[in-house]
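**Q** Take a look at the following structure, please.
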Amino acid sequence: MPAASYPDRLFINGRMEPGRGLLIEVENPTTGAVFAAFAGADAGQLEAAVAAASAAFMRPEWQVAGTRATLLTRLADLMARDADYLGQLLIDEVGTPRALLAPLQVGGAVQILRYYAGLATRDLTRALGPDGHPLIPSESEIRYLPAGVAGIITA
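All residue numbers for the sequence shown refer to this note's numbering, where the first residue is 29 and numbers rise by one.
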C-alpha cells in the first residue's frame with residue numbers, strides 16, 4: 029500500500045483553511061505513536077461549513093435527482109480508485125485489519141454510495157389511500173425526499 033499523507037486543513041465553502049479549534053492528535057492504535065495532528069474547526073468554522081453546505085444543497089442543480097445520483101456515483105468511483113490510499117488511512121487510524129478493507133471499510137462504503145445513487149432517481153412514494161375520516165376526507169402518502177445537510181462530529 030502507498031504511504032499515506034494526512035491533510036491538515038479544513039475544506040469550508042470551496043476553499044482550504046487551517047482549523048482554529050483544538051489540536052487533534054491521531055494515534056496509531058497498534059503503536060500508540062501520533063502519526064497526524066491538525067487543528068479542528070472552531071464553532072464559527074462549523075457554522076460556516078454548515079451554512080455553506082446548506083446553501084449549496086438549496087441550489088437548483090441539487091434538486092435534480094439525476095445530479096445527486098451522478099455525484100454519488102462519482103464519489104463511489106473516486107473511493108474505489110483510491111481504495112489503497114483510503115485503506116492505509118484506516119489501518120493507521122483505527123487499526124483495521126487488511127482483510128476487512130475490501131468487504132467492509134472501503135468496499136462497503138463504495139457499495140453503499142452506489143446503492144443510494146440508484147435510489148436517488150427512483151420515486152418511492154407510497155399512497156396510503158383514504159384515511160376514512162367522516163368529516164374531513166383526505167388521502168395520505170409517504171414521500172422520500174432529500175433532507176439536507178448533516179454535521180458529523182468525531183472524537
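All residues carry an ideal CB built from backbone N, CA and C; glycine is no exception.
DSSP beta-bridge partners for Ser168?
**A** Against the sequence shown, residue 168 aligns to sequence position 140. For Ser168, which the question treats as bridged, DSSP gives the partners Gly157.
**Q** Distance check for Leu129 and Pro174, CA to CA, integer angstroms please.
**A** Working through the sequence shown from its first residue, we reach residue 174 at position 146. Working through the sequence shown from its first residue, we reach residue 129 at position 101. Cα-Cα distance, rounded: 29 Å.
**Q** How far does the alpha helix (DSSP H) with Ala97 in it reach, from first residue to last?
**A** Here residue 97 refers to the residue found at position 69 of the sequence shown. It spans Ala93 to Arg109 - the alpha helix (DSSP H) in which Ala97 sits, taken as one unbroken run.
**Q** Between which two residues does the alpha helix (DSSP H) harbouring Leu74 extend?
**A** For the purposes of this step, residue 74 is identified with residue 46 of the sequence shown, where counting begins at 1. Per DSSP, Leu74 belongs to the alpha helix (DSSP H) from Ala71 to Phe85.
**Q** Who does Leu129 pair with in a DSSP beta bridge?
**A** For the purposes of this step, residue 129 is taken as residue 101 along the sequence shown, with counting starting at 1. DSSP, once it has assigned bridges, lists no residue as partnering Leu129.
**Q** Since Ala264 and Thr149 should fall inside the 8 Å C-beta cutoff, what is the C-beta to C-beta distance between them, to a whole number of angstroms?
**A** With the chain represented from 29 up to 183, any question about residue 264 goes unanswered, as that position is not in the structure.
**Q** Give the secondary structure of Ala178 by DSSP, where H, G and I count as helix, E and B as strand, and everything else as coil.
**A** Start at 1 with the first residue of the sequence shown, and residue 178 comes out as number 150. Of the three classes helix, strand and coil, the one that applies to Ala178 here is coil, per DSSP.
**Q** Whole angstroms are fine: how far does the CA of Thr59 sit from the CA of Tyr143?
**A** Translated into positions along the sequence shown, residue 143 becomes position 115. Translated into positions along the sequence shown, residue 59 becomes position 31. Roughly 36 Å separates the two Cα atoms.
**Q** Go ahead and pull the three-state DSSP assignment for Val62.
**A** If you number the sequence shown from 1, residue 62 lands on position 34. Looking at Val62 - three-state DSSP - the assignment turns out to be strand.
**Q** Could you pull the DSSP bridge partners for Leu38 from this structure?
**A** The residue given as residue 38 occupies position 10 in the sequence shown. Beta-bridge pairing links Leu38 to Glu45.
**Q** Between Gly115 and Val92, is the Cβ-Cβ spacing less than 7 Å?
**A** In the sequence shown, counting from the first residue as 1, residue 115 sits at position 87. In the sequence shown, counting from the first residue as 1, residue 92 sits at position 64. Their beta carbons are not under 7 Å apart, which means Gly115 does not touch Val92 by this criterion.
**Q** Kindly indicate which residue of Ser82, Pro88 and Glu169 has the alpha-carbon position closest to the one of Ala155.
**A** Residue 155 sits at position 127 when you count from the first residue of the sequence shown. Checking every option, the nearest Cα to that of Ala155 belongs to Glu169.
**Q** How would you call Ile184, buried or exposed, if buried means at least 16 neighbouring beta carbons within 10 angstroms?
**A** Because residue 184 is not part of the residues shown, which for the chain are 29 to 183, the question remains open.
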